[in-house]
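Worksheet for the structure shown next.
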Amino acid sequence: MKPVTLYDVAEYAGVSYQTVSRVVNQASHVSAKTREKVEAAMAELNYIPNRVAQQLAGKQSLLIGVATSSLALHAPSQIVAAIKSRADQLGASVVVSMVERSGVEACKAAVHNLLAQRVSGLIINYPLDDQDAIAVEAACTNVPALFLDVSDQTPINSIIFSHEDGTRLGVEHLVALGHQQIALLAGPLSSVSARLRLAGWHKYLTRNQIQPIAEREGDWSAMSGFQQTMQMLNEGIVPTAMLVANDQMALGAMRAITESGLRVGADISVVGYDDTEDSSCYIPP
């Protein structure tokens, strides 16, 4: 089925092609009655504006490009959803490019893909060290860019999420339950968020004079949580509690505990991070 064109809308509404074009591009010199008639025709025909053509004509709405880590992971998918929701409220559009491989060159490739679509600005949610972040910013040419997973010491525009409350509450909860034998399962230490969560745990454990009995590093996925926890248990390291850097890895850790013949909660307590909606369905929640 052929896509609906401006000419189709014009014929249906009984106006000129130029009038429809002015309505689509939100020109001011169109009467309210005519605008309503054209918009009704667009809705009836399910007309979708050609944003690329609008960009080439220099009449586009704001288009935001998001380069992100895998959307199979909860946090990146939620961040993109939040960006999209806010953009919709502001009348902007969002285009997403996933960083398909690890490393700075893969991130640059995602950025180049977005630049080819003539984005007005970039949001980059991918872990980068200082020099790599600077290199990616340079690849953005003159397009404004905001980074979400870089050090606050990097001289670029960035937002750093606070992990103070999350790490403090996790430690305080386990301490209140009397736990002393606590293991840590961090996210990938290439990620600023993972490093900040790990540092927060250490800070509040130290305040309570507790030294973790084990530290492991996953990649945010449930499978990595399973593998790292299973390896720890197979080595004979059995904590009474675990602090895990996200809920997906916590799910994997819980499976490893169960498959090892132990009981989650009774033998090993598990505290995840992010409070995802799905975590309320875990057993125990």
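Those letters in the sequence shown? Residues -7 to 277, per the working numbering, in order.
For glycine and all other residues, C-beta sits at the position ideal for the given N, C-alpha and C.
Since this is a predicted model, take the numbers as computed values, not measurements.
Per DSSP, Asn117 is one residue of the beta strand (DSSP E) stretching across 113 to 117.
Counting along the chain, no alpha helix (DSSP H) covers Glu209; the unbroken beta strand (DSSP E) around it starts and ends at 206 to 209.
By the neighbour-count criterion, in which 16 or more other beta carbons inside 10 Å mark a residue as buried, His21 falls on the exposed side.
When Trp212, Met224, Ala245 are compared, the shortest CA-CA separation from Asn238 is found for Trp212. Val230 sits in coil when the DSSP states are folded into three classes, being neither helix nor strand. When the alpha-carbon of Leu169 is set against those of Gln220, Val58, Asn200, the nearest one is in Asn200.
Under the three-state reduction of DSSP, Thr60 is assigned to strand.
Spanning the alpha carbons of Val142 and Ile56 requires a straight line of approximately 20 Å. A straight-line Cα-Cα distance of about 44 Å links Ser261 and Ala84. Taking His155 as the centre and dropping the five residues before and after it, the same chain places the C-beta of Leu188, Arg189, Gly192 closer than 6 Å to its C-beta, in chain order. With the rule of 3 Cβ pairs closer than 8 Å, the region 129 to 142 does not count as touching the region 76 to 90.
Here the C-alpha atom of Asn134 lies approximately 15 Å from the C-alpha atom of Ile116. Here the alpha carbon of Ala125 sits roughly 14 Å from the alpha carbon of Ser94. For the options Gln240, Ser252, Ala248, the alpha carbon positioned closest to that of Ser272 is the one of Gln240. Nearest in C-alpha terms to Tyr265, of all of Ile275, Met246, Ala242, is Ala242. Counted as a single uninterrupted DSSP element, the alpha helix (DSSP H) harbouring Ser185 occupies residues 184 to 199. If the five residues before and after Val111 are omitted, its C-beta is found closer than 6 Å to the C-beta atoms of Leu55, Gly57, all from its own chain and listed in chain order. Residue pairing by DSSP puts Ser150 in a beta bridge opposite Phe139. The region 60 to 80 makes no contact with the region 25 to 36: fewer than 3 CB pairs, one atom from each, lie closer than 8 Å. For Glu92 and Ala98, the gap between their C-alpha atoms comes out near 7 Å.
DSSP lists Thr60 as the bridge partner or partners of Met90. One thing to note: Gly244 has its Cβ within 8 Å of the Cβ of Gly217. Counting other Cβ atoms within 10 Å of its Cβ, Arg208 reaches 16 or more and is therefore classed as buried.
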